[in-house]
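Trainee: Sequences listed follow chains A and B, in order. Under my numbering, the residues of the first sequence are numbered 1 to 148, in order. Under my numbering, the residues of the second sequence are numbered 1001 to 1148, in order.
There are 2 protein chains.
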Amino acid sequence: MTKAGRAGTLPSEPAQARRFGRVRDAQATALLEDYVELIADLLADAGEARLVDIARRMGVAHPTAAKTINRLKRQGLAMSEPYRGVFLTEAGARMAERARVRHRLVVRLLETLGVPSEVAEADAEGMEHYISDVTERVFTQFVGRKGV
Amino acid sequence: MTKAGRAGTLPSEPAQARRFGRVRDAQATALLEDYVELIADLLADAGEARLVDIARRMGVAHPTAAKTINRLKRQGLAMSEPYRGVFLTEAGARMAERARVRHRLVVRLLETLGVPSEVAEADAEGMEHYISDVTERVFTQFVGRKGV
DNA sequence: TTTATCATGTAGCCATGGCAACAATTAATA
DNA sequence: TATTAATTGTTGCCATGGCTACATGATAAA
Ligand SMILES: [Mn+2]
Ligand SMILES: [Mn+2]
Ligand SMILES: [Mn+2]
Ligand SMILES: [Mn+2]
């Protein structure tokens, strides 16, 4: 037996496996997205993105930030000379821009639904990485229809 | 200089660090939540939760699932005897229930906004772990007002 | 121009979460 | 019952993403 049950709430095995696989993929890029987004913001806002500032804003020790930045460089998303600040490649800048758009969209969606700004910012920082293109379009429509 | 800029889009340093810290915390428990939720579903649906089935549904190799289940046991969320299926402790069952509620809520919210069911299920699998209590309440209100 | 401070780099440690390969046990079938 | 198949366990590998401690380079103060 053990196979019968009551046709429960479980999705099909391949479908569920696919979903969890997509979550793993998204998780793998989530941190990189946050880094390039932050670097872009620092460049725009302060003219440079220093390791110390990146580390402080991410809330991690500086060697942790250094390692992640090396990973960005290996993946062709960032560049830097020793003891100089960090810059984004074309690809990095594109990723940052997409991340920024999605970030602000999710914040706006949450605020439109009535979530307080501070909470919206906090929750968006996690949620933003798991939104598909389809959902992104739906969100855009919704915040357009409602708030301005 | 380098400090001036144009009072840009950046949040305060401590606020931003706090947010990223919360994201890291949520990420750390995300996988555990998915496992206990799946185990609960398998128990309800098939009467037992076997390692093979868990691994297949998670889309990972069985040693990967075995390691995660050991972690669940270490954290007092699951129990199992060698070569028998996996069960949840009180704490594990509670976590599963909360995960299940949030999962379905996020799916319903997305569907209510007009996201197709299949996409809603996929996106919810990632988003669900980053929703604060406040946002959860807002979502509940919203789907209550709208849907049904 | 020394000297002190600050920023960056580097090494090594740990836990997580993937994998493949092989061993041992349990269940199914011949 | 004996053999085969399936399940579970175990080991060892890798990359990621945290940390501390220490070395080195650059900047600011004395
Ligand atoms: Mn983020
Ligand atoms: Mn962001
Ligand atoms: Mn999930
Ligand atoms: Mn879930």
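Just so you know, even glycine gets a beta-carbon here, dropped at the ideal spot from N, CA and C. Since the structure is predicted, the reported quantities are computational estimates derived from the model, not experimental observations.
Got a sec: does ligand 3 put a non-hydrogen atom nearer than 7 Å to the Cβ of residue 34 of chain A?
Mentor: In the first sequence, the residue the question calls residue 34 of chain A occupies position 34. No, Cβ of residue 34 of chain A sits at least 7 Å from all heavy atoms of ligand 3.
Trainee: May I ask you to report which of helix, strand or coil DSSP gives residue 1112 of chain B?
Mentor: Position 112 of the second sequence, counted from the first residue, corresponds to residue 1112 of chain B. Helix.
Trainee: Relative to chain B, which residues along the stretch 123 to 136 of chain A have a C-beta separation below 8 Å, given in chain order?
Mentor: 123, 125, 126, 127, 129, 130, 131, 132, 134 and 135
Trainee: Measure the alpha-carbon distance for residue 1009 of chain B versus residue 145 of chain A and round it to whole angstroms.
Mentor: Taking the first residue of the second sequence as 1, we reach residue 1009 of chain B at position 9. Taking the first residue of the first sequence as 1, we reach residue 145 of chain A at position 145. The alpha-carbon atoms of residue 1009 of chain B and residue 145 of chain A are separated by roughly 24 Å.
Trainee: For ligand 1, I want to know if residue 1023 of chain B counts as a neighbour, meaning its beta carbon is within less than 7 Å of at least one of the ligand's heavy atoms.
Mentor: Here residue 1023 of chain B corresponds to residue number 23 of the second sequence, with the count starting at 1. Because some heavy atom of ligand 1 lies under 7 Å away, the Cβ of residue 1023 of chain B counts as near it: yes.
Trainee: If you measure from the beta carbon of residue 121 of chain A to each beta carbon in chain B, is any gap under 8 Å?
Mentor: For the purposes of this step, residue 121 of chain A is identified with residue 121 of the first sequence, where counting begins at 1. Output row for residue 121 of chain A: interface = yes.
Trainee: Indicate, with yes or no, if ligand 6 has a heavy atom lying under 7 Å from the CB of residue 97 of chain A.
Mentor: Absence of ligand 6 from the depicted structure is noted, with ligand 1, ligand 2, ligand 3 and ligand 4 being the only ligands included.
Trainee: I want to check one thing, is the minimum distance from the CB of residue 1129 of chain B to the heavy atoms of ligand 2 below 7 Å?
Mentor: If you number the second sequence from 1, residue 1129 of chain B lands on position 129. The answer is no for residue 1129 of chain B.
Trainee: Comparing C-alpha positions only, which one of B:1096, B:1079, B:1137 and B:1015 sits nearest to residue 1105 of chain B?
Mentor: In the second sequence, the residue the question calls residue 1105 of chain B occupies position 105. Checked all of B:1096, B:1079, B:1137 and B:1015; the closest Cα to residue 1105 of chain B is B:1137.
Trainee: Skipping 5 residues on each side, what residues in its chain have a beta carbon closer than 6 Å to that of residue 43 of chain A?
Mentor: Counting from 1 along the first sequence, the entry for residue 43 of chain A is found at position 43. Excluding residues up to 5 positions away in sequence, 49 lie with their Cβ nearer than 6 Å to the Cβ of residue 43 of chain A in the same chain.
Trainee: Going by the C-beta, is residue 1111 of chain B closer than 7 Å to any heavy atom of ligand 2?
Mentor: Walking along the second sequence from the start, residue 1111 of chain B turns up at place 111. It does not: the Cβ of residue 1111 of chain B is nowhere closer than 7 Å to a heavy atom of ligand 2.
Trainee: Give the interface partners of residue 1013 of chain B over in chain A, defined as CB-CB distance under 7 Å, in chain order.
Mentor: Taking the first residue of the second sequence as 1, we reach residue 1013 of chain B at position 13. Correct list: 56 and 57.
Trainee: How is residue 72 of chain A classed by DSSP in three states: helix, strand or coil?
Mentor: Position 72 of the first sequence, counted from the first residue, corresponds to residue 72 of chain A. Three-state result, residue 72 of chain A: helix.
Trainee: My output table needs one value for residue 1061 of chain B: the three-state DSSP class, helix, strand or coil.
Mentor: Counting from one through the second sequence, the residue named residue 1061 of chain B turns up at place 61. If DSSP states are grouped into helix, strand and coil, residue 1061 of chain B belongs with coil.
Trainee: According to DSSP, simplified to helix, strand and coil, what is residue 10 of chain A?
Mentor: As a working mapping, residue 10 of chain A is identified with position 10 in the first sequence. Residue state, collapsed to three classes: coil.
Trainee: Just to confirm the assignment, what range does the alpha helix (DSSP H) spanning residue 1122 of chain B have?
Mentor: The residue labelled residue 1122 of chain B in the question sits at position 122 within the second sequence. Taken as a continuous stretch (DSSP letters only), the alpha helix (DSSP H) holding residue 1122 of chain B covers 1117 to 1127.
Trainee: Listing by chain order, which chain A residues have their CB less than 9 Å from the CB of residue 1026 of chain B?
Mentor: Locating residue 1026 of chain B in the second sequence gives position 26, counting from the first residue. Those are 126, listed as they occur along chain A.
Trainee: At a CB-CB cut-off below 9 Å, which residues of chain B make contact with residue 144 of chain A?
Mentor: For this step, residue 144 of chain A is matched to residue 144 along the first sequence. Ordered by position in chain B, no residue passes the 9 Å Cβ test against residue 144 of chain A, which lies about 12 Å from the chain.
Trainee: Taking only the alpha-carbon atoms, compute the straight-line gap between residue 90 of chain A and residue 36 of chain A and give it to the nearest angstrom.
Mentor: Walking along the first sequence from the start, residue 90 of chain A turns up at place 90. Walking along the first sequence from the start, residue 36 of chain A turns up at place 36. Roughly 11 Å between the two C-alpha positions.
Trainee: My output table needs one value for residue 1078 of chain B: the three-state DSSP class, helix, strand or coil.
Mentor: Within the second sequence, numbered from 1, the residue matching residue 1078 of chain B stands at position 78. If DSSP states are grouped into helix, strand and coil, residue 1078 of chain B belongs with the strands.
Trainee: Tell me, please, whether the CB atom of residue 92 of chain A is closer than 8 Å to any CB atom in chain B?
Mentor: Within the first sequence, the letter at position 92 stands for residue 92 of chain A. Taking Cβ atoms only, chain B never reaches closer than 8 Å to residue 92 of chain A, which makes this a no.
Trainee: Thinking just about the alpha-carbon of each residue, which of B:1013, B:1012, B:1017 and B:1024 is nearest to the one in residue 127 of chain A?
Mentor: Working through the first sequence from its first residue, we reach residue 127 of chain A at position 127. If we check each option's Cα against that of residue 127 of chain A, B:1024 comes out closest.
Trainee: Apart from the five residues just before and just after residue 1019 of chain B, which ones in its own chain have a Cβ nearer than 8 Å to its Cβ?
Mentor: Residue 1019 of chain B sits at position 19 when you count from the first residue of the second sequence. Excluding residues within five positions, the ones whose Cβ falls inside 8 Å are 1011.
Trainee: Alpha carbon to alpha carbon, what distance is there between residue 1111 of chain B and residue 1120 of chain B?
Mentor: Locating residue 1120 of chain B in the second sequence gives position 120, where the first residue counts as 1. Locating residue 1111 of chain B in the second sequence gives position 111, where the first residue counts as 1. Whole-angstrom Cα-Cα distance: 6 Å.
Trainee: Would you call residue 59 of chain A buried or exposed, if buried means 16 or more other Cβ atoms sit within 10 Å of its Cβ?
Mentor: On the first sequence, position 59 is the one that residue 59 of chain A refers to. Around the C-beta of residue 59 of chain A, 16 or more other C-beta atoms lie within 10 Å, and the residue is accordingly described as buried.
Trainee: Give a single yes or no on whether residue 118 of chain A has its beta carbon closer than 7 Å to a heavy atom of ligand 2.
Mentor: By 1-based counting over the first sequence, the position of residue 118 of chain A is 118. False, no ligand heavy atom lies under 7 Å from that Cβ.
Trainee: Along chain A, in chain order, which residues have C-beta atoms closer than 8 Å to that of residue 1114 of chain B?
Mentor: In the second sequence, residue 1114 of chain B corresponds to position 114, counting from 1. By Cβ distance, chain A contributes 138, 141 and 142.
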